[in-house]
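Let me begin by presenting the structure, written as structure tokens, before commenting on it.
In this note's numbering, the protein residues as written are 163 to 473.
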């Protein structure tokens with residue numbers, strides 16, 4: 163099987179791609195802001211019975227497929243990851259226990275056969291858990307970014323709920339979640355700090371925020387965003403970057419002095435922000451980058467070639 167449909171359906175975003183499984187080349191793509199949460203709300207508003215929930219979501223998928231310039235032939239498999247396997251998705255699936263050894267067969271998967279509603283077999287991917295943490299959506303990116311030449315490394319997935327995955331001797335043995343992006347959005351848009359910040363670039367203020375995060379009480383330093391404006395007349399752009407630096411620095415400070423190499427799996431502008439912050443914390447740290455989009459597509463390709471050919 164050479165072509166398949168790769169779908170990443172997040173909380174607030176939808177991305178569907180027609181992919182060549184052998185080369186990883188994206189042949190066509192459809193993107194929208196129709197995330198899982200909005201789709202779930204639409205289903206609730208339609209007053210459909212629970213028995214029709216899966217069909218409702220599959221209909222959304224089918225409409226997206228028909229928006230592609232190269233409408234794929236019936237029967238191509240759909241690999242679906244993200245929040246679609248959550249409590250507000252197509253069907254809630256349980257998490258699989260960590261550790262993980264980069265075998266696609268370890269991923270929790272539920273198959274839906276092709277039908278009149280959706281003329282493609284659908285493979286719904288769920289996530290992982292530890293005793294104290296969960297991930298859903300990052301598992302396919304994780305599958306797509308195995309670093310064979312490294313023995314000991316940490317993978318960082320920035321975002322709304324950033325993940326740090328710890329790897330040794332080919333085994334991802336633990337991970338931690340940091341709600342960095344969500345806290346930043348809440349503080350910059352919904353809190354008293356919102357009047358003190360405005361999006362823009364200021365590397366010096368970002369670096370100051372990172373450094374202040376290391377040995378300071380975060381709850382106190384967060385209010386410093388406001389006093390920088392009220393008492394010191396710092397402009398909103400400067401305060402925006404100071405707030406960003408505080409939160410990213412707080413997330414990353416535990417990695418200071420690590421002997422493991424660090425791989426940031428993201429896209430701009432987050433990739434640049436995390437590289438800058440890591441270098442502020444430790445100029446000697448070994449940092450590499452991977453593109454999150456490529457990692458996800460690579461992970462989906464591995465699922466197609468390994469899982470579908472052995473089941």
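A virtual CB, placed ideally from N, CA and C, is assigned to each residue, including glycine. Computed from a predicted model, the values in this text were never measured in an experiment.
Quiz item: When the Cα of residue 432 is compared with those of 444, 412, 406, which residue comes out closest?
Solution: Along the chain shown, one-based indexing puts residue 432 at 270. The candidate whose alpha carbon is nearest that of residue 432 is 406.
Self-check item: Cβ contact (3+ pairs, closer than 8 Å) linking the stretch 437-447 and the stretch 362-372
Solution: Flag = yes, the stretch 437-447 and the stretch 362-372 touch.
Self-check item: Buried versus exposed, by CB contacts within 10 Å (16 or more), residue 325
Solution: As a working mapping, residue 325 is identified with position 163 in the chain shown. Buried, because 16 or more other Cβ atoms sit within 10 Å of the Cβ of residue 325.
Quiz item: Quick one: what does DSSP say residue 419 is sitting in, helix, strand or coil?
Solution: In the chain shown, residue 419 corresponds to position 257, counting from 1. Residue 419: coil per DSSP, three-state reduction.
Practice problem: Excluding the 5 residues preceding and the 5 following residue 333 in the sequence, name in chain order all residues of the same chain whose CB lies nearer than 8 Å to its CB. | Solution: Within the chain shown, numbered from 1, the residue matching residue 333 stands at position 171. Result list for residue 333: 261, 262, 263, in chain order.
Quiz item: Which of helix, strand or coil does DSSP assign to residue 324?
Solution: Reading the chain shown from its first residue, position 162 is the one you call residue 324. Of the three classes helix, strand and coil, the one that applies to residue 324 here is strand, per DSSP.
Quiz item: What is the DSSP secondary structure of residue 340, reduced to helix, strand or coil?
Solution: Residue 340 sits at position 178 when you count from the first residue of the chain shown. Residue state, collapsed to three classes: strand.
Quiz item: Exposed or buried, which one is residue 287 when buried takes at least 16 other CB atoms within 10 Å?
Solution: Taking the first residue of the chain shown as position 1, residue 287 is located at position 125. By the 10 Å Cβ count, residue 287 comes out buried.
Self-check item: Check whether residue 474 and residue 316 have beta carbons under 7 Å apart
Solution: Within the shown structure, residues of the chain are numbered from 163 to 473, placing residue 474 beyond reach of any answer.
Quiz item: What whole-angstrom Cβ distance do residue 182 and residue 193 have, given they're in contact under 8 Å?
Solution: The count along the chain shown starts at 1 and reaches residue 182 at position 20. The count along the chain shown starts at 1 and reaches residue 193 at position 31. With 8 Å as the limit, residue 182 and residue 193 do not qualify as a contact, their Cβ atoms being about 19 Å apart.
Exercise. Please report how far the alpha carbon of residue 463 lies from the alpha carbon of residue 398, in whole angstroms.
Key: On the chain shown, position 301 is the one that residue 463 refers to. On the chain shown, position 236 is the one that residue 398 refers to. Looking at the two C-alpha atoms, the distance is approximately 44 Å.
Quiz item: What is the DSSP secondary structure of residue 361, reduced to helix, strand or coil?
Solution: Counted from its first residue, the chain shown places residue 361 at position 199. Residue 361 carries a coil assignment under DSSP once its states are collapsed to helix, strand and coil.
Exercise. Give the range of the alpha helix (DSSP H) segment to which residue 438 is assigned.
Key: For this step, residue 438 is matched to residue 276 along the chain shown. First-last of the alpha helix (DSSP H) with residue 438: 432-443.
Quiz item: Pick from 278, 275, 302: whose alpha carbon is nearest that of residue 265?
Solution: Here residue 265 is taken as the residue at index 103 of the chain shown, counted from 1. That would be 302, whose Cα lies nearest to the Cα of residue 265.
Self-check item: Proximity winner among 361, 245, 411, relative to residue 380 (alpha-carbon distances)
Solution: Position 218 of the chain shown, counted from the first residue, corresponds to residue 380. Of the listed residues, the one whose Cα sits closest to residue 380 is 411.
Quiz item: Given 8 Å as the limit, is there contact between the stretch 347-367 and the stretch 278-293, that is, 3 or more CB pairs closer than that?
Solution: no
Self-check item: Cβ neighbour criterion (16 or more within 10 Å) applied to residue 376
Solution: For this step, residue 376 is matched to residue 214 along the chain shown. Exposed, by the Cβ-count rule.
Quiz item: Skipping 5 residues on each side, what residues in its chain have a beta carbon closer than 7 Å to that of residue 361?
Solution: Position 199 of the chain shown, counted from the first residue, corresponds to residue 361. Excluding sequence neighbours, residue 361 sits near 402.
Self-check item: Residues bridged to residue 427 (per DSSP)
Solution: As a working mapping, residue 427 is identified with position 265 in the chain shown. For residue 427, DSSP records a beta bridge to 452.
Practice problem: For the beta strand (DSSP E) containing residue 202, list its first residue and its last residue. | Solution: On the chain shown, position 40 is the one that residue 202 refers to. Taken as a continuous stretch (DSSP letters only), residue 202 belongs to no beta strand (DSSP E), being part of the alpha helix (DSSP H) at 198-207.
Quiz item: Should the stretch 167-183 be regarded as contacting the stretch 224-244, the criterion being three or more beta carbon pairs within less than 8 Å?
Solution: yes
Quiz item: What whole-angstrom Cβ distance do residue 235 and residue 190 have, given they're in contact under 8 Å?
Solution: Indexing the chain shown from 1 puts residue 235 at position 73. Indexing the chain shown from 1 puts residue 190 at position 28. Contact doesn't hold; Cβ gap of about 13 Å is too wide.
Quiz item: Leaving out five residues before and five after residue 210 in sequence, what residues of the same chain have Cβ atoms less than 7 Å from its Cβ?
Solution: Taking the chain shown and counting its residues from 1, one reaches residue 210 at position 48. Only 218 meet the Cβ criterion.
Exercise. Name the one or two DSSP bridge partners that residue 334 has.
Key: Walking along the chain shown from the start, residue 334 turns up at place 172. Residue 334 is bridged to 262, 329.
Quiz prompt | Distance CB(residue 247)-CB(residue 255) smaller than 7 Å | solution = Residue mapping note: residue 247 aligns to position 85 of the chain shown, counting from 1. Residue mapping note: residue 255 aligns to position 93 of the chain shown, counting from 1. For residue 247 and residue 255, yes; Cβs fall inside 7 Å.
Quiz item: What did DSSP end up calling residue 194 once you bin it into helix, strand or coil?
Solution: Your numbering for residue 194 matches position 32 in the chain shown. Strand at residue 194.
Practice problem: Can you tell me the Cβ-Cβ gap for residue 443 and residue 414, rounded? I've got them flagged as a contact below 8 Å. | Solution: Stepping through the chain shown from its first residue, residue 443 is reached at position 281. Stepping through the chain shown from its first residue, residue 414 is reached at position 252. Correct: roughly 6 Å between the Cβ atoms.
Quiz prompt | Reduced DSSP category for residue 252 - H, G, I as helix; E, B as strand; rest coil | solution = Taking the first residue of the chain shown as position 1, residue 252 is located at position 90. Coil at residue 252, not helix or strand.
Quiz item: Considering residue 389, what are the terminal residues of the alpha helix (DSSP H) in which it resides?
Solution: If you number the chain shown from 1, residue 389 lands on position 227. 380-392 is the extent of the alpha helix (DSSP H) around residue 389.
Quiz item: Which partner residues does residue 297 have in the DSSP bridge list?
Solution: Within the chain shown, residue 297 is the residue found at index 135, counting from 1. DSSP, once it has assigned bridges, lists 290 as partnering residue 297.
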